[in-house]
């Protein structure tokens, strides 16, 4: 379970770094996608 959390943190920090080099439109798109991914992961954690 801790591996999932670590992977998420790595993904988030990588996304943050990438977003600094993106245009606002791309960033908004990425935020929407990552939020959906995060919510899915939280839902999956509730199943365990």
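Numbering (the numbering used here), first residue to last: 1 to 48.
Don't be surprised by glycine CBs; every beta carbon is placed ideally from N, CA and C.
These figures come from a predicted structure and were not determined experimentally.
Could you give the distance in angstroms between the alpha-carbon of residue i and the alpha-carbon of residue j?
i          : j          : result
residue 33 : residue 7  : 16 Å
residue 97 : residue 2  : Only positions 1 to 48 of the chain appear in the structure, and residue 97 is not among them; the question remains open.
residue 18 : residue 11 : 10 Å
residue 27 : residue 21 : 9 Å
residue 5  : residue 24 : 27 Å
Is it the case that the Cβ atoms of residue i and residue j are separated by a distance below 8 Å?
i          : j          : result
residue 39 : residue 15 : no
Under 8 Å between C-beta atoms, does residue i make it to chain C?
i          : result
residue 45 : You won't find chain C in this structure, because it holds only one protein chain.
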